[in-house]
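Peer 1:
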Amino acid sequence: MCGILAVLGCSDDSQAKRVRVLELSRRLKHRGPDWSGLYQHGDNYLAHQRLAIIDPASGDQPLFNEDETVVVTVNGEIYNHEELRKRLTAAGHKFRTGSDCDVIAHLYEEHGEDFVDMLDGMFSFVLLDTRNNTYIAARDAIGITSLYIGWGLDGSVWISSELKGLNDDCEHFEVFPPGHLYSSKTGGFRRWYNPTWFSEAIPSTPYDPLVLRRAFENAVIKRLMTDVPFGVLLSGGLDSSLVAAITARYLAGTKAAKQWGAQLHSFCVGLEGSPDLKAAREVADYLGTVHHEFHFTVQDGIDAIEDVIYHIETYDVTTIRASTPMFLMSRKIKSLGVKMVISGEGSDEIFGGYLYFHKAPNKEEFHQETCRKIKALHQYDCLRANKSTSAWGLEARVPFLDKEFINVAMSIDPEAKMINMDQKRIEKWTLRRAFDDEEQPYLPKHILYRQKEQFSDGVGYSWIDGLKAHAEQYVTDKMMLRAGNIFPHNTPFTKEAYYYRTIFERFFPQNSAKLTVPGGASIACSTAKAIEWDASWSNNLDPSGRAALGVHNAAYKKNTGMGGSVKLGPNIIDNVPRMVDRSAAELVIQG
């Protein structure tokens, strides 16, 4: 992931302003340690910090058209750049570099502002047309790459990959919405990404496992485009294991294999004895990857919390819990010389993989919740994956969020995605079934049908328990009584949330900063709307998957009403059908 910063129309073309832009751009240097560039045209500044993945030798930015009248600074990867390059070359365009992002300026020349939907990839960019002093900025469909926009008192517009590039110099700033384009000609946004599922209308296409399988294989294969060493993040859960299995199966015939060899490297992080480490090791052995297992302690994670919040730029509890192990792992991965990893984010949102989906009352609500979850990904898992890795100059690619794959998966009749224990259909059954190949198995059966673990849980259950205990030492009951007065917006309701909030506001004290972070009640990563599915959830609000009482095999303790409590662990849950509902679990416990 690269870092981009643009300051546009600032009415100041002085050397002092140029120095200030350079200073702010250096705040993003962790994202792109390979090269930095700054282009100035009058009072417009385009800065770039490059992480070189494609064409490291000649792809430095900003990028230009033939006569250098169109200038682009971009963060991302354009997976269909070779096809676009052929079309543009046939139309008479000449390219200066082999960078995949070089096509953007030329597409603008051909199609004006209406070219963004032609890009297949993850991206954030700013394009300046010096011929008429206009500019556009755009962000990819789902918001895999991070981007913010701000406005200065002098009328300037600021665009940055991270908050820290603009928060000190803008009067107001906000998240740049995914799937949107900002144009100086209109002074506003318009949505360029308009898929059928966005309306949340209920689809009716029959489930075809082979169609789904081919769509996901294609999504993974196109992400093997790289000129640098890479690997896969492997937690041992379904999603990352499928990514690893497909990569291992198809790597041999790629350009990357010719350059770096066909031996796939996999990476996992966790506390000693955590569920993820054991499962990942087994998958790695099955696939024959060169496996790298990184351990951390609860204290290691706690010591990193301030750095994590500075880099991730959020106070959301779930995101910080999950970002910390990923942040620690990314540093280790980069130290091995790896610059790109492929990861499994997005599957749970598309297929209803979170355990609370067991309570979805019907297919309509199930589908609408998946739509809400996908639309919010840029505030949670995408933000985590992007910033945890780019903090150390590592790029994360996410094939589940491929535009074409999402179209296929979200057109399936949601009845097929519904969890139905009578038919032995657990969460993400449609995805599991698509890769359940008896003749050429992708994964061992018990991995293919492993229960969902949220990343912050899977690295070791004591991680979250340790965070809560740590927060208890710093946040008193008296502080919590005044939380609503101190933090009237997104008031923290737990000591852990209060602790994170104080750190965030120390780094980002502006009112606009706190507004960039989502809020609202959640159970096991649900939206606030889904809490209505079970009346008991409103009394047990926690984003951990273990909060799904009676669903998760290692759920939190629940009061039995007999003066004590029991842990809903395997010793109890194993006596009843896996994925039992809450009332059945309680019956067994009380009996």
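Residue numbers for the sequence shown follow the numbering used here, beginning at 2 and rising by one.
Glycine is no exception: its CB is placed at the ideal position from the N, C-alpha and C atoms.
1. With DSSP run on the structure shown, which of helix, strand or coil describes Ser37?
2. Contact check, Gly237 vs Ala280 under 8 angstroms by CB: the rounded distance?
3. Which term fits Leu211, buried or exposed, when burial requires 16 or more other beta carbons within 10 angstroms of its beta carbon?
4. Provide the residue(s) that pair with Cys102 in DSSP beta bridges, ordered along the chain.
5. For the putative contact between Ile524 and Tyr316, defined by C-beta atoms under 8 angstroms, what is the C-beta separation to the nearest angstrom?
6. Measure the C-alpha to C-alpha separation of Met327 and Gly338 and round it to an integer number of angstroms.
7. Relative to the ligand FAD, is the shortest distance from any of its heavy atoms to the C-beta of Pro442 smaller than 7 angstroms?
8. May I have a chain-ordered list of the alpha helix (DSSP H) segments no shorter than 4 residues that lie completely inside the segment 161–243?
9. Are the segment 366–379 and the segment 308–324 touching by the rule of at least three beta carbon pairs closer than 8 angstroms?
10. Can you tell which of Ala92, Thr390, Gly347 has the C-alpha that lies nearest to the C-alpha of Asp240?
11. Does the segment 33–48 come close enough to the segment 68–79 to have 3 or more Cβ pairs within less than 8 angstroms?
12. Where DSSP assigns a beta bridge to Gln50, which residues make up the other side?
13. If we require 3 or more residues per run, which beta strand (DSSP E) segments fall completely within the segment 124–167?
14. Check the C-beta distance from Pro63 over to Gly99 and give it rounded, since I have them as a contact under 8 angstroms.
15. Would you check if the segment 430–444 and the segment 242–260 touch, i.e. whether three or more CB-CB distances between them fall below 8 angstroms?
16. Identify the residues that DSSP records as bridge partners of Cys426: which are they?
17. Just checking my contact of Pro57 with Gly394 at CB under 8 angstroms: how many whole Å lie between their CB atoms?
18. Quick check on DSSP: helix, strand or coil for Asn491?
19. Taking the alpha-carbon positions, what's the Thr492 to Pro400 distance?
20. Taking C-alpha atoms, which residue in Ser200, Asn387, Tyr251, Ile448 lies nearest to Cys3?
21. Looking at the unbroken beta strand (DSSP E) that takes in Arg398, where does it start and where does it end?
22. Name the residue from Ala410, Asp301, Gly302 whose alpha carbon lies nearest to the alpha carbon of Phe352.
23. How many Å lie between Val291 and Glu273 at the Cα?
24. Would you identify the three-state DSSP class for Val72, choosing helix, strand or coil?
25. Alpha carbon to alpha carbon, what distance is there between Leu288 and Met422?
26. Counting along the chain, where does the alpha helix (DSSP H) carrying Phe505 start and finish?
27. Relative to the alpha-carbon of Ala323, which residue among Met123, Asp13, Gly166, Tyr381 has its alpha-carbon at the smallest distance?
28. Using only CA atoms, which one of Thr477, Phe509, Ala514 lies nearest to Tyr499?
29. Between Asp403, Phe488, Asp535, Asp209, which lies nearest to Gly520 when the distance is taken from Cα to Cα?
30. Within the same chain, show all residues whose beta-carbon is closer than 7 angstroms to that of Arg385, passing over the 5 residues directly before and after it, in chain order.
31. What are the start and end residues of the beta strand (DSSP E) that includes Phe268?
32. I need the boundaries of the alpha helix (DSSP H) containing Ile465, first residue and last residue.
33. Kindly indicate which residue of Arg483, Arg434, Glu506, Gln511 has the alpha-carbon position closest to the one of Phe174.
34. What does the Cβ neighbour count give for His447, buried or exposed, with the cut at 16 atoms within 10 Å?
35. Please list, in chain order, all residues of the same chain as Gly144 whose beta carbon is under 7 angstroms from its beta carbon, the five residues on each side excluded.
36. For Arg32, count neighbouring Cβ atoms within 10 angstroms of its own Cβ and tell me buried if that reaches 16, exposed if not.
Peer 2: According to the data block:
1. Of the three classes helix, strand and coil, the one that applies to Ser37 here is strand, per DSSP.
2. With 8 angstroms as the limit, Gly237 and Ala280 qualify as a contact, their Cβ atoms being about 3 angstroms apart.
3. Classification of Leu211: exposed, given that the 10 Å Cβ count is below 16.
4. In the DSSP assignment, Cys102 is bridged to no other residue.
5. Their Cβ separation, rounded to whole angstroms, is 19 angstroms, which puts Ile524 and Tyr316 out of contact at 8 angstroms.
6. In a straight line, the C-alpha of Met327 is about 17 angstroms away from that of Gly338.
7. Ligands displayed in this structure: none; no statement on the ligand FAD is therefore possible.
8. Segments of the alpha helix (DSSP H) lying fully in the segment 161–243: 210–223.
9. Taking a cut-off of 8 angstroms for Cβ pairs, the segment 366–379 and the segment 308–324 do not touch, as fewer than three such pairs fall below it.
10. Out of Ala92, Thr390, Gly347, Gly347 has the C-alpha closest to the C-alpha of Asp240.
11. These segments touch.
12. In the DSSP output, where bridge partners are listed per residue, Gln50 has Gly4, Ser37.
13. Counting only runs of 3 or more, we get 135–140, 149–152, 158–161.
14. So it is not a contact: roughly 16 angstroms between Cβ atoms.
15. Between the segment 242–260 and the segment 430–444 there are three or more inter-stretch CB-CB distances shorter than 8 angstroms, so the stretches are counted as touching.
16. The sequence as given places Arg at residue 426; Cys does not occur at that position. Answer is Asn421, bridged to Arg426.
17. At roughly 13 angstroms, the Cβ-Cβ gap does not stay under 8 angstroms, so Pro57 and Gly394 are not in contact.
18. The answer is coil: DSSP assigns Asn491 none of H, G, I, E or B.
19. Spanning the two alpha carbons is a distance of roughly 35 angstroms.
20. It is Asn387.
21. Unbroken beta strand (DSSP E) run through Arg398: 396–398.
22. Ranked by Cα distance from Phe352, the options Ala410, Asp301, Gly302 are led by Ala410.
23. As the crow flies, the alpha-carbon of Val291 is around 20 angstroms from that of Glu273.
24. If DSSP states are grouped into helix, strand and coil, Val72 belongs with the strands.
25. In a straight line, the C-alpha of Met422 is about 30 angstroms away from that of Leu288.
26. Counted as a single uninterrupted DSSP element, the alpha helix (DSSP H) harbouring Phe505 occupies residues 496–508.
27. Of Met123, Asp13, Gly166, Tyr381, the smallest CA-CA separation from Ala323 is found for Tyr381.
28. Comparing Cα-Cα distances from Tyr499 to each of Thr477, Phe509, Ala514, the minimum goes to Thr477.
29. For the residues Asp403, Phe488, Asp535, Asp209, the minimum Cα distance to Gly520 belongs to Phe488.
30. Scanning its chain for C-beta atoms nearer than 7 angstroms, with the 5 sequence neighbours on each side dropped, one finds around Arg385 the residues Ile313, Thr320, Ala323, Ser324, Met327, in chain order.
31. From DSSP, the beta strand (DSSP E) with Phe268 extends over 266–271.
32. Looking at the DSSP string, the run of the alpha helix (DSSP H) that includes Ile465 is 462–475.
33. Per the Cα distances, Gln511.
34. By the Cβ neighbour-count rule, His447 is exposed, with fewer than 16 other Cβ atoms within 10 Å of its own.
35. So the list reads Pro179, Leu378, His379, Cys383, once near-sequence residues are dropped.
36. Counting Cβ neighbours within 10 Å, Arg32 comes out buried, since at least 16 surround it.
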